[in-house]
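Asks: Got a structure for you, questions after.
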Amino acid sequence: MKLMADKLVNQLSVVRHWLGKLLRSLKLPQPQKLKVSFVLSFCKRLFYYFRIWILMSKNSFMTVLSRKKILFLFLLGKILRFSFFTAFIYFLVLGAKGLSGYTKEQVVFFFLTFSLIDILSQFLFREVYRFRSLVVTGDLDLVLTKPVSTLFRVLMGGADVIDFITIPPLLFAVCYVGNLFQPSYLQIFLYILLFFDGFLVALAFHIAVLALGILTLEIDHSIMIYRDLVALGKLPIDIYREPLRGILTFIFPVAIMVSLPAKALMGLVSLQGVFLSLTSAVLTFFVSLRFWNFALKKYTSASS
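In short: position in the sequence shown from 1, add 642, done, that's this note's numbering.
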């Protein structure tokens, strides 16, 4: 038995030696060089799109800032709506001495997490609300001819200055209320991870809305349906009964998008739940990309 094992080892050494000579004779690029070149190419491409986004956002900001009265009214309305709803939740839970087992601080944190994800998605994906005019007027033809990803252009064609102003104080409120729970480093890490996971779900929803806009020319109704569904995540999903709770968890993953990040900071999520959440978000994102590619193939040019 020992002789057979030694013989097998010698044969494997010979095979490895000749394979090495063959690969060296082919002069294939080294894996390390491939990795470095790929990373450099990816970083250059990322910086290229970042510069384009900065340019488009600057144009969007200049357009909005030129109408200061309208900007002030919209900003005031958004602040008042946010303040009144936060006060409503606080006093509602205070009077009821809890909501589905959650304290008033926890319920407020659910709402703050929802607001941060919602405002960030509106800040980055504001161009979705203007997509219908591109399709109806035929200006989407011009976008398709540009050396830029069409999805990037119609999804992130310009940030919203109003949401840009409201993000810093909202982020401070999330940090302040979240610190009241005295979370561990693991809970903070899981919150950040699931927060980006929820943002990926929001991105998938917006891509699906764009695809529907090409197929049906209806953007306004689709985006309003999306906003109404996501608004159900202002409060913990646990307050809803079945089958609504199951729909908001598995069909329209609002629970993954909003509730799970807040629960993670409170230590109410298992590692199995984190894994399922990440898997579901990635799957939703890839399905939305396939749907977008399908819709783009069905697009009829204005010149045809």
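All C-beta atoms in this analysis are idealised placements derived from N, C-alpha and C, irrespective of residue type, glycine included.
What residues are listed by DSSP as bridge partners for residue 744?
Replies: Paired residue(s): 741.
Asks: Per DSSP, what kind of secondary structure is residue 833 in: helix, strand or coil?
Replies: If DSSP states are grouped into helix, strand and coil, residue 833 belongs with the helices.
Asks: Between residue 844 and residue 798, how many whole angstroms is the CB-CB distance? I'm expecting something under 8 Å.
Replies: The Cβ separation is near 13 Å, so there is no contact.
Asks: Below 7 Å between beta carbons: does that hold for residue 890 and residue 836?
Replies: Not in contact: residue 890 and residue 836 (Cβ atoms no closer than 7 Å).
Asks: State the CB to CB distance for the pair residue 768 and residue 800, rounded to an integer number of angstroms; the pair is presumed to be in contact (CB under 8 Å).
Replies: With 8 Å as the limit, residue 768 and residue 800 qualify as a contact, their Cβ atoms being about 6 Å apart.
Asks: Measuring alpha carbon to alpha carbon, tell me which residue in 904, 894 and 876 is nearest residue 833.
Replies: When each option's Cα is compared against that of residue 833, the closest is 904.
Asks: Tell me whether the beta-carbon of residue 703 lies closer than 7 Å to the beta-carbon of residue 790.
Replies: Against a cut-off of 7 Å, the Cβ pair of residue 790 and residue 703 comes out as no contact.
Asks: Give every residue of the same chain whose Cβ lies closer than 7 Å to the Cβ of residue 934, excluding the five residues on either side of it in the sequence, and list them in chain order.
Replies: The residues are 793, 849, 852 and 853.
Asks: Between the Cα of residue 859 and the Cα atoms of 814, 717, 938 and 720, which residue gives the shortest distance?
Replies: Nearest option by C-alpha distance: 938.
Asks: On the three-state DSSP scale, how would you describe residue 912?
Replies: Note: residue 912 maps to coil in three-state DSSP.
Asks: Can you confirm whether the region 864–877 touches the region 811–824 when touching is taken to mean that 3 or more C-beta pairs between the two stretches lie within less than 8 Å?
Replies: Not touching, per the Cβ criterion.
Asks: Could you tell me the distance, in whole angstroms, from the CA atom of residue 878 to the CA atom of residue 698?
Replies: So the alpha carbons of these two residues sit roughly 36 Å apart.
Asks: Beta carbon of residue 806, beta carbon of residue 841: below 7 Å?
Replies: Cβ atoms of residue 806 and residue 841: not closer than 7 Å.
Asks: At the level of alpha carbons, what is the spacing between residue 927 and residue 846?
Replies: One C-alpha to the other measures close to 5 Å.
Asks: Evaluate residue 912 with the Cβ neighbour count: other Cβ atoms within 10 Å of its Cβ, from every protein chain shown; 16 or more gives buried, anything less gives exposed.
Replies: It counts as exposed.
Asks: For residue 742, which option in 915, 787 and 880 has the closest C-alpha, if you only look at C-alpha atoms?
Replies: The shortest C-alpha separation from residue 742 is found at 880.
Asks: Identify whether residue 764 lies in helix, strand or coil by the three-state DSSP scheme.
Replies: Helix at residue 764.
Asks: Hey, how far is the Cα of residue 917 from the Cα of residue 897?
Replies: Their backbone Cα atoms lie some 14 Å apart in a straight line.
Asks: Report the option in 820, 701 and 714 whose CA atom is closest to the CA atom of residue 758.
Replies: Nearest of 820, 701 and 714 to residue 758, Cα basis: 820.
Asks: Closest to residue 829 by CA distance: which of 754, 706 and 907 is it?
Replies: The residue with the shortest Cα to Cα distance from residue 829 is 907.
Asks: Output the boundary residues of the alpha helix (DSSP H) element that contains residue 808.
Replies: Per DSSP, residue 808 belongs to the alpha helix (DSSP H) from 803–821.
Asks: With distance defined between alpha-carbon atoms, name the residue in 770, 888, 924 and 885 nearest to residue 796.
Replies: Residue 796 has its Cα closest to that of 770, out of 770, 888, 924 and 885.
Asks: Along the alpha helix (DSSP H) that carries residue 881, what are the first and last residues, could you check?
Replies: Here residue 881 belongs to no alpha helix (DSSP H), and DSSP marks it neither H nor E.
Asks: Kindly indicate which three-state DSSP category residue 929 falls into: helix, strand or coil?
Replies: Of the three classes helix, strand and coil, the one that applies to residue 929 here is helix, per DSSP.
Asks: Could you check the C-alpha separation between residue 876 and residue 752 for me, to the nearest Å?
Replies: Computed Cα separation, rounded: 6 Å.
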